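Visitor:
In the numbering used here, the protein residues as written are 209 to 677.
(1) Could you please give me the residues that DSSP links to residue 278 through a beta bridge?
(2) From the DSSP output, in three-state form, read off residue 495 for me.
(3) Taking the C-alpha atoms as reference points, what is the distance between residue 543 and residue 571?
(4) Output the boundary residues of the alpha helix (DSSP H) element that contains residue 358.
(5) Per DSSP, what kind of secondary structure is residue 225 in: helix, strand or coil?
(6) Please tell me whether residue 389 and residue 338 are closer than 8 angstroms, where the distance is taken between their beta carbons.
(7) Closest to residue 495 by CA distance: which of 305, 355, 452 and 548 is it?
(8) What span of residues does the alpha helix (DSSP H) with residue 488 cover, start to end?
(9) In chain order, which continuous runs of the beta strand (DSSP E) of length 3 or greater are located wholly inside the segment 514 to 567?
(10) How big is the Cα-Cα spacing for residue 539 and residue 528?
(11) Express the C-alpha separation of residue 476 and residue 380 in angstroms, rounding to a whole number.
(12) Applying the criterion that 16 or more other CB atoms from any shown protein chain within 10 Å of the CB defines a buried residue, is residue 279 buried or exposed?
(13) Take residue 352 as the anchor and find which of 631, 506 and 632 has the nearest alpha-carbon.
(14) Suppose you measure from the CA of residue 456 to the CA of residue 642; what does that come to, to the nearest Å?
(15) How many angstroms separate the CA atom of residue 449 from the CA atom of residue 405?
(16) For the beta strand (DSSP E) containing residue 244, name the first residue and the last one.
(17) Closer than 6 angstroms by C-beta to residue 344: which residues in its own chain qualify, once you throw out the five before and the five after it? Chain order, please.
(18) Do you know offhand how far residue 478's Cα is from residue 377's?
(19) Would you mind reading off the limits of the alpha helix (DSSP H) that contains residue 454?
(20) Below 8 angstroms on the Cβ atoms is my guess for residue 219 versus residue 355; work out the distance and round it to an integer in Å.
(21) Give the straight-line distance between the Cα atoms of residue 535 and residue 385, rounded to the nearest whole angstrom.
(22) Report the option in 556, 549 and 247 whose CA atom is closest to the CA atom of residue 281.
(23) Could you check where the alpha helix (DSSP H) with residue 383 kicks off and where it finishes?
(24) Under 8 angstroms by Cβ, that's how I've got residue 253 and residue 272 pegged, so tell me the actual separation to the nearest angstrom.
(25) Quick check on residue 382: buried or exposed, where buried means 16 or more other Cβ atoms within 10 Å of its Cβ?
(26) Check this for me: beta carbons of residue 258 and residue 481, under 8 angstroms apart or not?
(27) If you run the structure through DSSP and keep just helix, strand and coil, what is residue 329?
(28) Please name the residue or residues paired with residue 438 in a DSSP beta bridge.
(29) Give the DSSP-derived three-state secondary structure of residue 337 in the structure shown.
(30) So residue 665 is in the alpha helix (DSSP H); what residue range does that whole segment cover?
(31) Going by Cα to Cα distance, which pick from 402, 498 and 531 is closest to residue 630?
(32) What are the residues that DSSP puts in a beta bridge with residue 316?
(33) Tell me, which residues are paired with residue 502 by DSSP?
(34) Confirm, please, whether the CB-CB distance from residue 226 to residue 325 is below 8 angstroms.
(35) What's the gap between the Cα of residue 350 and the Cα of residue 509?
(36) Taking all protein chains shown into account, decide if residue 497 is buried (16 or more other Cβ within 10 angstroms of its Cβ) or exposed.
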């Protein structure tokens with residue numbers, strides 16, 4: 209089982225019981241007699257390379273079986289496999305186990321053995337880290353580790369599925385670091401291969417076709433600050449070698465440059481891949497992995513911390529209502545207990561990002577369909593969303609602030625004009641409050657610094673000004 213021991217003195221502790229997985233019968237020698245030991249909230253078994261227990265059995269689904277640890281012990285959950293999960297002759301969907309159990313997955317037989325041993329991990333007394341929220345023991349354990357490394361210069365590798373909040377973790381680490389420079393985020397999986405070196409290291413004017421001006425690159429832009437390398441597992445091997453040299457020497461050489469430039473950069477990387485397996489498969493350099501994995505922080509998936517779903521859903525609802533009130537609309541109705549119960553039963557493969565999408569949809573349309581049902585996003589639903597927003601704007605308080613000339617414009621023109629007025633007023637007040645400090649303004653607004661700079665350019669504002677005075 210997993211339990212939390214709240215201490216009267218010193219940090220609270222989370223105790224996690226170990227599980228041993230033995231493959232006792234398999235069609236291939238590669239799988240047969242393999243033994244794995246875990247101390248974690250969930251162990252996933254299947255033919256995927258990223259499974260905790262990867263099988264070569266072609267009769268096993270990629271995501272076949274999950275063994276989940278809760279307050280009362282382990283639970284087996286079939287993940288919608290094609291050929292089923294069997295305990296004895298019984299095909300199961302979900303069952304609790306308290307003693308060694310033989311389980312058949314495809315044509316592989318495994319013995320699951322809950323062990324008497326356990327491991328203890330410190331957990332944070334707080335239910336948030338930066339903009340990350342979570343009161344579950346799993347998240348408080350993650351927060352404790354993030355808190356311990358935040359004020360250091362240690363390189364951190366964030367591991368976790370898509371949508372778990374790795375970007376927020378990187379942001380929180382930077383904000384708590386005390387570093388004077390900026391947080392510069394680079395999505396390594398979204399940049400064309402031929403532009404990666406330029407994006408990371410910069411380039412000189414004329415160094416290649418289209419380089420009509422020099423560009424500093426992400427590492428130089430992050431000097432004295434933090435660089436966040438998101439989806440670092442997507443980097444091709446040749447770029448991995450160049451990144452390794454930068455991490456070893458803390459020097460960058462821009463494309464087309466003759467000289468190197470020293471940088472003082474804290475590195476945070478993130479991946480939704482199992483990089484250890486990528487190393488074994490030859491797709492990721494082992495030396496680079498060791499450079500990045502100085503501290504490894506695993507962000508737990510939402511399905512292993514169901515106790516956080518209500519808290520997160522309520523936070524998202526509060527955020528939506530604040531935005532509507534700021535726009536002169538009435539707050540949205542709260543989700544009822546029926547809707548909340550549906551959320552609590554759902555596994556959220558898209559994690560917190562999917563939860564946000566569902567709550568936003570349901571807040572307007574009501575609890576239409578199951579959380580993961582794409583059919584709930586119909587054109588009628590989208591039309592209802594737009595109609596509801598329009599009717600709220602036309603009848604729900606706050607329209608006294610909109611002049612009649614604006615209301616006489618075509619809809620899209622009126623909307624664009626109103627948004628521009630809002631952005632100008634918001635940015636003026638924000639820069640005034642932050643005394644013209646663009647980095648601070650970006651952090652307070654929760655957006656990238658370059659977004660603030662683009663808005664300033666559009667409205668003719670300059671950093672260091674005190675607008676409105």
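Where a beta carbon is used, it is the ideal one built from N, C-alpha and C, also for glycine. Quantities reported herein were computed from a predicted structural model and do not represent experimental measurements.
Guide: Taking the definition as stated:
(1) 281
(2) helix
(3) 7 angstroms
(4) 345 to 358
(5) strand
(6) no
(7) 452
(8) 483 to 488
(9) none
(10) 8 angstroms
(11) 11 angstroms
(12) exposed
(13) 506
(14) 36 angstroms
(15) 11 angstroms
(16) 243 to 246
(17) 513, 515 and 516
(18) 10 angstroms
(19) 445 to 457
(20) Actually they are not in contact, since the Cβ atoms of residue 219 and residue 355 sit about 10 angstroms apart, beyond 8 angstroms.
(21) 34 angstroms
(22) 247
(23) 374 to 383
(24) 6 angstroms
(25) buried
(26) yes
(27) strand
(28) 395
(29) strand
(30) 657 to 666
(31) 531
(32) 313
(33) Residue 502 pairs with nothing; no bridge assigned.
(34) yes
(35) 12 angstroms
(36) buried
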